[in-house]
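Novice: Chains as they are written, first to last, in my numbering: chain A, 12 to 457; chain B, 12 to 457; chain C, 12 to 457; chain D, 12 to 457.
Where a beta carbon is used, it is the ideal one built from N, C-alpha and C, also for glycine.
Dropping the structure in here first, questions after.
Number of protein chains: 4
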Amino acid sequence: MLNQEACVNSLNFTVPRLGEAKITSPIKMSTKTGDNMANYVRDDEFILYNIDARPGSYTIEYTSQDLLEKAGPREKIFFSPGHVHAGIVTCGGLCPGLNNVIRALVRTLWYSYGIHRISGIRNGYRGFLPQYGIPVMPLDPDIVDDIHTKGGTILGSSRGGADVEAICDSIERMNLNMLFTIGGDGTQHGAFRIAEELERRNQKISIIGIPKTIDNDLSFIQKSFGFETAVSEAVAAVSSAHTEAHDAINGIGLVKVMGRESGFIAAHTALAINDVNFVLIPEIDFDLEGEKGLFAALKRRLELRHHAVILVAEGAGQRYMESEQQRDLSGNRILGDIGFFLKKAIRDYFEKQGMETSIKYIDPSYMIRSAPANPNDSIYCARLGTHAVHAAMSGRTKTLISMVNNTFVHLPIEIAINKRNTVDPEGPLWRDVIGATHQPMLFRND
Amino acid sequence: MLNQEACVNSLNFTVPRLGEAKITSPIKMSTKTGDNMANYVRDDEFILYNIDARPGSYTIEYTSQDLLEKAGPREKIFFSPGHVHAGIVTCGGLCPGLNNVIRALVRTLWYSYGIHRISGIRNGYRGFLPQYGIPVMPLDPDIVDDIHTKGGTILGSSRGGADVEAICDSIERMNLNMLFTIGGDGTQHGAFRIAEELERRNQKISIIGIPKTIDNDLSFIQKSFGFETAVSEAVAAVSSAHTEAHDAINGIGLVKVMGRESGFIAAHTALAINDVNFVLIPEIDFDLEGEKGLFAALKRRLELRHHAVILVAEGAGQRYMESEQQRDLSGNRILGDIGFFLKKAIRDYFEKQGMETSIKYIDPSYMIRSAPANPNDSIYCARLGTHAVHAAMSGRTKTLISMVNNTFVHLPIEIAINKRNTVDPEGPLWRDVIGATHQPMLFRND
Amino acid sequence: MLNQEACVNSLNFTVPRLGEAKITSPIKMSTKTGDNMANYVRDDEFILYNIDARPGSYTIEYTSQDLLEKAGPREKIFFSPGHVHAGIVTCGGLCPGLNNVIRALVRTLWYSYGIHRISGIRNGYRGFLPQYGIPVMPLDPDIVDDIHTKGGTILGSSRGGADVEAICDSIERMNLNMLFTIGGDGTQHGAFRIAEELERRNQKISIIGIPKTIDNDLSFIQKSFGFETAVSEAVAAVSSAHTEAHDAINGIGLVKVMGRESGFIAAHTALAINDVNFVLIPEIDFDLEGEKGLFAALKRRLELRHHAVILVAEGAGQRYMESEQQRDLSGNRILGDIGFFLKKAIRDYFEKQGMETSIKYIDPSYMIRSAPANPNDSIYCARLGTHAVHAAMSGRTKTLISMVNNTFVHLPIEIAINKRNTVDPEGPLWRDVIGATHQPMLFRND
Amino acid sequence: MLNQEACVNSLNFTVPRLGEAKITSPIKMSTKTGDNMANYVRDDEFILYNIDARPGSYTIEYTSQDLLEKAGPREKIFFSPGHVHAGIVTCGGLCPGLNNVIRALVRTLWYSYGIHRISGIRNGYRGFLPQYGIPVMPLDPDIVDDIHTKGGTILGSSRGGADVEAICDSIERMNLNMLFTIGGDGTQHGAFRIAEELERRNQKISIIGIPKTIDNDLSFIQKSFGFETAVSEAVAAVSSAHTEAHDAINGIGLVKVMGRESGFIAAHTALAINDVNFVLIPEIDFDLEGEKGLFAALKRRLELRHHAVILVAEGAGQRYMESEQQRDLSGNRILGDIGFFLKKAIRDYFEKQGMETSIKYIDPSYMIRSAPANPNDSIYCARLGTHAVHAAMSGRTKTLISMVNNTFVHLPIEIAINKRNTVDPEGPLWRDVIGATHQPMLFRND
């Protein structure tokens with residue numbers, strides 16, 4: 012299948028399992044269609060990753076390594092529910108929906124599989140490290156009953172702390188049979204190394220990741236949880252910036268949103284609200300000076316309409332800052348603050364031009380990160396958590412729960428980490444952003 | 012490709028066109044990748060509809076009739092922008108996002124193609140009928156600037172009125188070159204017949220539909236616009252019902268939501284909020300009486316927890332009502348009011364049982380229908396409208412703009428009407444609803 | 012003071028006390044001004060009730076019976092905190108802010124006075140009745156920590172149940188020293204009778220009421236808690252009704268809001284949103300038929316503007332319904348449903364007139380009642396609860412906490428019950444409603 | 012009346028009038044009570060300002076100068092509606108409700124008095140200055156129909172520009188008969204000087220101010236419009252800060268809100284949400300260092316609970332900053348940024364202490380200022396605007412519309428400017444804040 016080759020070949024993986032699933036699931040479902048009962052998912056159900064196609068005649072061969080395995084409850088499970096002790100950990104920055112995922116994990120373990128030993132590891136991976144002496148939080152449906160109405164994570168979080176040896180010691184001491192790791196790229200990388208170490212120790216412990224990135228830039232993942240909520244909150248900030256800009260003399264509203272390596276939040280926000288005139292994202296370089304640069308484009312806009320809104324992703328324009336390239340505890344590069352930089356640079360530019368302007372800078376990042384999940388994200392998080400439990404019970408490990416082509420699938424951690432989605436400057440998303448903002452292409456002078 | 016056969020064959024269609032597109036688009040884009048400029052969409056770009064796959068070796072032949080054509084701006088267009096007069100009409104019940112679609116149509120026509128003659132037909136198809144004497148509303152970017160912040164449609168709406176002959180006369184009198192029909196199944200059926208009649212009259216007029224159904228049950232359409240907003244609003248109503256039920260003595264909260272033939276809103280709402288105990292949808296029959304019936308199940312719930320929430324889709328349980336099977340002006344069957352019926356039937360049941368209960372019934376339908384689109388729906392509507400304009404300009408006709416597998420595609424009206432999606436009682440959505448509510452399967456006594 | 016006579020004389024009361032307050036308060040405050048420390052409230056601090064005045068010369072004599080006593084922490088208290096057992100009960104229909112009041116009571120008892128025995132009586136006065144066997148809910152700051160983010164009451168509620176003898180028996184058995192009764196007119200009437208009976212039994216038990224009425228119609232009470240939130244929610248319903256009406260052919264939006272004896276919610280809602288054309292309230296009679304009646308006025312409006320919104324308080328137009336004048340368990344008259352009545356009557360009228368209309372009826376009552384308090388109501392509830400605790404600790408009893416002229420005061424229950432505020436058809440509120448809606452005065456034909 | 016002396020004497024003013032009101036108002040109202048028609052307000056209706064009272068016998072003499080004149084429609088008006096040209100100007104920073112006031116002014120002028128020449132002066136007083144060439148915006152009910160749903164002001168705003176001579180020239184050139192000035196202290200000071208100059212020129216032009224201060228600190232004004240909305244938005248920011256603080260290791264949430272000279276927003280926000288531990292306001296000095304200083308108190312809090320929230324008003328702790336005491340165009344002192352200062356100072360302190368903390372700083376100022384008014388503020392703004400028109404039509408001038416003791420009154424500009432309300436550290440508001448936060452009194456070491 013010619014047009015799918017590149018992608019199909021690039022998959023080439025198998026979802027890792029701890030062993031054969033021999034135990035009959037306590038969930039009552041059907042194995043046949045037509046009886047009006049919900050069906051178990053079979054191990055031979057897969058979906059295509061690449062859906063592009065052209066007319067023509069093809070001979071193709073799919074191995075299971077080319078296809079994505081469907082997630083869902085299996086008829087046969089690996090763990091005996093009566094003996095399971097499950098752990099849950101949340102790592103990294105806050106993101107809408109963390110509590111929803113925790114809640115779905117607990118409820119599915121408890122109600123669907125009858126597992127009553129569930130431990131919340133607190134403050135991220137650090138909660139495993141004995142030197143901090145942080146007690147685990149026993150979890151049950153009562154404790155998690157209402158947590159989805161709140162932002163943040165009841166388990167707390169932290170960055171870094173992925174001391175693999177110590178964590179595995181702790182997992183063994185706790186007699187955990189499965190660990191659900193909710194976190195971003197660094198967290199899942201840690202989860203993979205933990206799983207490898209446990210394997211080396213001959214421990215049959217399932218490590219299932221629920222990928223978290225408010226930036227929505229993980230590979231093989233259609234949409235990260237919390238992303239829609241984040242866009243909603245960013246829209247509110249842009250709306251404020253627009254009002255402030257509109258009502259001032261040559262008012263300039265400047266909003267910085269998340270997006271370290273990718274501009275998905277910025278691009279979607281610009282599409283959701285008409286009031287953005289310039290979107291700056293990490294994927295697309297831009298000049299400040301020169302006839303085609305941002306400053307001149309902004310000046311032309313102000314001369315024409317007397318107000319403007321700029322939406323900048325935090326990772327945009329990094330070449331303009333003397334970033335010392337420090338890294339935080341999770342190993343993420345610490346970015347220079349493009350928001351403050353632009354605020355000052357734009358003010359200086361117009362002062363030099365002798366043009367009165369009024370610039371209002373809004374950084375809604377913490378208000379976005381700490382928001383509770385909206386209903387659509389709530390549904391998504393609930394289902395991610397549910398599928399994660401099914402995956403662990405079936406004996407999958409080193410696996411992420413992901414949605415691809417609107418289908419929940421198992422994704423080996425190994426193929427998903429260290430790759431990022433980015434906004435394609437030539438693709439339909441950015442095309443529609445340009446159509447909505449009418450911003451000049453790229454602000455480049457060359 | 013064995014597992015796709017059924018579906019692939021069932022497509023068997025070609026997207027209709029008015030003629031060859033020979034005019035160069037005024038939109039500046041690129042035809043090659045790698046130049047960092049957004050690309051036109053080529054006429055040979057397609058996607059697969061069915062993504063299920065199994066490992067194995069296959070020989071397949073895709074014709075263009077088996078695949079879905081990608082929507083988007085073409086390098087060559089059919090209409091000369093300088094001469095175009097475009098019409099827009101909204102029909103049927105309100106749905107979040109109507110104004111967003113109108114706004115995107117107007118802005119794309121105006122800014123991307125330079126088309127300045129745009130007429131809003133008012134009050135649905137009735138606005139075409141001369142006997143009502145309803146003047147059209149001239150549309151431009153200023154008029155539509157803020158309309159997306161409001162629910163409803165600035166054009167007004169109505170049911171029925173699809174007098175094809177008279178509408179075509181009116182379209183000819185107005186010299187419309189293209190008509191965008193925003194509406195549901197009946198509306199698009201009307202649009203198809205209008206297009207057929209115009210074809211018979213040798214008029215090169217493009218008819219492009221933007222499918223609207225708050226119930227989210229149109230075939231070949233991944234998600235209808237406004238659906239997410241509708242679920243959000245329904246969640247608020249269920250939350251109220253839960254509070255009222257929880258704080259009363261044997262409180263029963265009963266909420267009716269839209270869903271004439273399908274239970275998508277009810278199912279998603281139940282997944283988004285934990286407080287629903289019984290979900291009743293049209294797809295799944297249920298008994299009221301008997302040991303496994305709803306009443307007994309409800310009684311058991313009350314004895315255990317002293318409060319309960321029932322979420323019922325308007326089309327559920329119709330067999331219990333002496334519906335006179337009337338039809339409204341759009342030809343939709345008028346349903347008996349299952350909400351009022353259940354409220355009374357439940358009250359009577361518990362009175363007979365001598366059990367004190369307090370039942371609170373909430374019908375949030377109009378508050379759902381009239382809500383403004385949330386940010387995610389706003390993005391979706393904006394892009395639907397934009398793609399509809401590209402489709403019309405390229406000379407497509409009798410075509411719906413749809414999203415399938417997260418890709419905007421052209422869908423011949425003919426294959427999409429008169430078919431509905433429904434909640435599959437054996438599929439993953441309903442499975443997860445059962446997992447969330449723990450409701451007994453089907454309430455059937457047999 | 013001539014112009015204040017009527018009112019001043021009508022007060023003529025003294026706030027009842029259980030005895031002399033001799034114990035020094037554990038709250039550290041100051042008794043002198045100028046030291047930058049918060050001050051205790053002295054027993055000789057009063058405010059005027061009537062603030063109307065005219066220029067002139069007056070000789071007036073205020074006794075403490077003519078003035079309103081300021082609420083707040085006293086230097087000397089009646090109860091020894093170490094021995095106090097406090098009870099809290101919520102009665103009647105839900106109202107935004109109940110949980111906020113509970114929370115403030117608990118926190119002030121606990122943190123300010125060190126009282127750790129606090130019992131929540133569940134399901135209203137019924138929770139006192141042994142035949143129902145409802146256990147009390149022990150309350151502490153952890154339990155109430157987050158309850159203010161939710162609507163309803165964690166204690167549950169019920170109507171009726173004021174069996175004074177049995178309740179007093181129960182209060183004695185529990186060894187309660189103080190009871191906080193959160194409820195409306197019937198509840199406070201019950202509270203008064205309970206206090207009288209306890210007095211007869213020589214029990215030194217303080218009964219402090221926090222008046223609740225979503226209708227905002229209690230006498231001597233500037234604004235009832237939850238009222239602002241209720242208006243906000245009603246505004247949302249009217250906004251929906253307006254959208255539905257506007258977009259239909261001769262659309263009529265009809266919204267029913269609370270207001271059994273008074274139209275405060277309806278009047279404020281109409282002022283908050285411009286889209287109401289007719290406000291119907293209990294205080295002002297209206298004709299349906301005849302040239303000046305509602306029907307004809309509505310017809311004129313539709314002919315002129317093609318859409319209309321009617322906002323009706325539940326107690327309006329009761330003379331049109333064959334109400335059987337039943338009473339609910341709290342003794343409130345059960346009203347005929349004016350909303351359904353009007354919906355049908357208006358439909359019939361226009362059918363007879365041969366005029367096409369589309370009427371959309373919204374009853375948001377339960378969604379209003381179950382809403383969480385907005386920030387302003389949260390502040391108000393928090394302070395009501397705090398002042399109630401100070402009042403009880405100081406030995407006041409048979410007393411309501413009220414706000415008058417923006418000052419928290421003690422109000423003897425006796426003078427406040429059985430009197431209602433109503434919207435004065437000649438006063439400034441209704442004057443401004445008429446100014447906002449331009450509705451014809453009174454719809455009366457005479 | 013002993014206890015009212017201080018205040019009564021301090022009023023000693025008369026509301027200025029342009030001349031005798033001889034024209035019969037076009038508004039149909041009644042002059043007698045009992046006829047169920049709304050009544051005009053008579054010129055001899057006043058209210059008391061000070062409501063404190065003590066029992067005793069008093070001889071008092073009220074002149075009209077000791078009392079506050081009630082606002083409202085008069086039977087006799089000064090201006091002939093047919094000839095009136097009204098101007099409206101909005102000045103200074105944004106505040107929720109500006110558009111609501113504009114809308115009420117326009118609608119009352121238009122519908123109640125039949126005045127159809129209404130000009131919006133754009134960009135504050137600057138709009139009067141010919142050198143800027145800013146055209147006025149003609150206003151009518153259609154233009155203002157929906158503006159109240161948006162934040163900001165459709166007229167735009169600016170700081171400064173009160174060139175009295177030039178403004179009066181412009182007012183004369185425009186033939187304005189009345190000017191409504193919506194703005195803060197500086198704006199109303201300018202309005203007063205404009206009115207004085209016009210008087211000197213023998214121009215009978217009414218200048219009516221609608222006082223605006225998001226800080227809620229104007230004297231003789233019970234509550235400024237937009238304040239409640241501002242508190243609601245501030246609550247959202249504090250809620251985010253709490254979530255961020257709670258979920259981090261020794262997380263510190265720091266939120267800065269408006270409040271240049273007074274801490275009303277901070278105090279009310281702290282009362283509305285339980286999650287603030289330290290409130291810093293301009294009225295109360297605090298130490299940073301030392302055993303009782305903020306740093307040590309914060310450290311104790313973190314050791315105990317591991318998270319903390321600090322809410323700081325922008326004018327607090329100014330002594331800690333090397334403010335260069337610049338002034339902006341409105342003459343307001345430019346404050347040093349206490350938020351950034353504290354963020355850095357706290358970080359430095361804990362680094363020196365070797366204690367890991369994570370500080371999250373949120374500055375929601377622009378999101379607060381640009382928010383649309385909530386329903387309660389909408390009502391208030393609508394009524395302020397309506398009363399302002401009645402005042403102007405009656406011939407009042409140099410007058411503010413204010414609410415005192417829940418009554419709309421006329422307030423001479425002269426007595427209201429240059430005085431500010433502040434939070435009384437010994438009064439009930441701050442007392443209840445201390446009760447809610449349990450913060451140590453004043454953080455002072457002395």
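Suppose contacts are defined by Cβ-Cβ distances below 9 angstroms. Is Ala206(B) in contact with Leu395(B) by that definition?
Specialist: By one-based count along the second sequence, residue 206(B) stands at place 195. By one-based count along the second sequence, residue 395(B) stands at place 384. No, the pair does not count as a contact, with Cβ atoms beyond the cut-off.
Novice: Going straight from the alpha carbon of Ala308(A) to that of Thr397(D), what length do you get?
Specialist: Numbered from 1 along the first sequence, position 297 holds the residue referred to as residue 308(A). Numbered from 1 along the fourth sequence, position 386 holds the residue referred to as residue 397(D). Looking at the two C-alpha atoms, the distance is approximately 44 angstroms.
Novice: Give the DSSP-derived three-state secondary structure of Arg271(A) in the structure shown.
Specialist: For the purposes of this step, residue 271(A) is identified with residue 260 of the first sequence, where counting begins at 1. It is coil, neither helix nor strand.
Novice: Suppose you measure from the CA of Glu86(A) to the CA of Ala277(B); what does that come to, to the nearest Å?
Specialist: For this step, residue 86(A) is matched to residue 75 along the first sequence. For this step, residue 277(B) is matched to residue 266 along the second sequence. For Glu86(A) and Ala277(B), the distance between alpha carbons rounds to 28 angstroms.
Novice: What distance in whole Å lies between the Cβ atoms of Arg380(C) and Ile232(C), which are believed to be in contact at a cut-off of 8 angstroms?
Specialist: What you label residue 232(C) is simply residue 221 of the third sequence in a count that begins at 1. What you label residue 380(C) is simply residue 369 of the third sequence in a count that begins at 1. Between Arg380(C) and Ile232(C) the Cβ distance is about 19 angstroms, and since that is not below 8 angstroms, they are no contact.
Novice: With 16 other CB atoms within 10 Å as the buried threshold, where does Arg128(D) fall?
Specialist: Numbered from 1 along the fourth sequence, position 117 holds the residue referred to as residue 128(D). Counting Cβ neighbours within 10 Å, Arg128(D) comes out buried, since at least 16 surround it.
Novice: Would a C-beta distance cut-off of 9 angstroms place Asn111(D) and Asp388(D) closer than the cut-off?
Specialist: Taking the first residue of the fourth sequence as position 1, residue 111(D) is located at position 100. Taking the first residue of the fourth sequence as position 1, residue 388(D) is located at position 377. Cβ distance < 9 angstroms, so Asn111(D) and Asp388(D) count as in contact.
Novice: Distance, Cα to Cα, Pro210(A) vs Leu109(A)?
Specialist: As a first step, residue 210(A) must be located in the first sequence, where it is residue number 199. As a first step, residue 109(A) must be located in the first sequence, where it is residue number 98. Note that residue 210(A) corresponds to Glu in the displayed sequence, not to Pro. Going by the C-alpha atoms only, they are around 28 angstroms apart.
Novice: Assuming Phe191(A) and Ile221(A) form a contact by the criterion Cβ under 8 angstroms, report the distance between their Cβ atoms to the nearest whole angstrom.
Specialist: Locating residue 191(A) in the first sequence gives position 180, where the first residue counts as 1. Locating residue 221(A) in the first sequence gives position 210, where the first residue counts as 1. At roughly 6 angstroms, the Cβ-Cβ gap stays under 8 angstroms, so Phe191(A) and Ile221(A) are in contact.
Novice: Just checking my contact of Val415(C) with Leu79(C) at CB under 8 angstroms: how many whole Å lie between their CB atoms?
Specialist: As a position in the third sequence, residue 415(C) is number 404, starting the count at 1. As a position in the third sequence, residue 79(C) is number 68, starting the count at 1. The Cβ separation is near 6 angstroms, so the contact holds.
Novice: Using only CA atoms, which one of Val147(B), Asp286(B), Pro451(B), Arg431(B) lies nearest to Asp157(A)?
Specialist: Numbered from 1 along the first sequence, position 146 holds the residue referred to as residue 157(A). For the residues Val147(B), Asp286(B), Pro451(B), Arg431(B), the minimum Cα distance to Asp157(A) belongs to Asp286(B).
Novice: Give a yes or no on contact between the segment 47-61 of chain C and the segment 166-178 of chain C, applying the rule of three or more CB pairs nearer than 8 angstroms.
Specialist: Output reads no: the segment 166-178 of chain C does not touch the segment 47-61 of chain C.
Novice: Taking all protein chains shown into account, decide if Asp46(B) is buried (16 or more other Cβ within 10 angstroms of its Cβ) or exposed.
Specialist: Locating residue 46(B) in the second sequence gives position 35, counting from the first residue. Result: exposed.
Novice: Could you give the uninterrupted runs of the alpha helix (DSSP H) lying entirely in the segment 222-263 of chain A, keeping only those of 4 residues or more?
Specialist: Runs of the alpha helix (DSSP H) inside the segment 222-263 of chain A: 238-258.
Novice: Report the partner residues of Thr35(B) according to the DSSP bridge assignment.
Specialist: Residue mapping note: residue 35(B) aligns to position 24 of the second sequence, counting from 1. The partner list for Thr35(B) (beta bridge, DSSP) reads Lys87(B).
Novice: Please report the residue range of the alpha helix (DSSP H) in which Lys310(B) lies.
Specialist: Taking the second sequence and counting its residues from 1, the one referred to as residue 310(B) is at position 299. Run containing Lys310(B): 305-316, per the alpha helix (DSSP H) assignment.
Novice: Which residues in the same chain as Thr101(A) place their Cβ atom closer than 6 angstroms to its Cβ, once the five residues preceding and following it in sequence are excluded?
Specialist: Your numbering for residue 101(A) matches position 90 in the first sequence. Excluding positions up to five away in sequence, the list reads Leu109, Thr164, Leu166, Ser168, Ile193.
Novice: For Ile292(C) and Gly270(C), which I take to be in contact (beta-carbon distance under 8 angstroms), what is that distance rounded to the nearest angstrom?
Specialist: Working through the third sequence from its first residue, we reach residue 292(C) at position 281. Working through the third sequence from its first residue, we reach residue 270(C) at position 259. Confirmed, Cβ separation roughly 7 angstroms.
Novice: Could you tell me the distance, in whole angstroms, from the CA atom of Leu313(D) to the CA atom of Phe306(D)?
Specialist: Here residue 313(D) is taken as the residue at index 302 of the fourth sequence, counted from 1. Here residue 306(D) is taken as the residue at index 295 of the fourth sequence, counted from 1. Rounded to the nearest angstrom, the two C-alpha atoms are 11 angstroms apart.
Novice: Could you give the DSSP three-state label for Arg137(C): helix, strand or coil?
Specialist: In the third sequence, residue 137(C) corresponds to position 126, counting from 1. In this structure, Arg137(C) counts as helix in the three-state DSSP scheme.
Novice: Less than 7 angstroms between C-beta atoms, sequence neighbours within five positions excluded: which residues of the same chain meet that for Ala402(C)?
Specialist: In the third sequence, the residue the question calls residue 402(C) occupies position 391. Result list for Ala402(C): Ala82, Ile219, Thr410, Ile412, His421, in chain order.
Novice: When Cβ atoms are compared, which residues of the segment 120-146 of chain A fall closer than 7 angstroms to chain D?
Specialist: Of all residues in the segment 120-146 of chain A, Asn134 have a Cβ within less than 7 angstroms of some Cβ in chain D.
Novice: Let me know the secondary structure DSSP gives His127(C) once reduced to three states.
Specialist: The residue you call residue 127(C) lines up with position 116 of the third sequence. If DSSP states are grouped into helix, strand and coil, His127(C) belongs with coil.
Novice: Shortest alpha-carbon distance to Gly195(B) belongs to which of Gly104(B), Glu31(B), Tyr122(B)?
Specialist: Sequence index remark: in the second sequence, residue 195(B) carries index 184 (1-based). The option with the nearest alpha carbon to Gly195(B) is Gly104(B).
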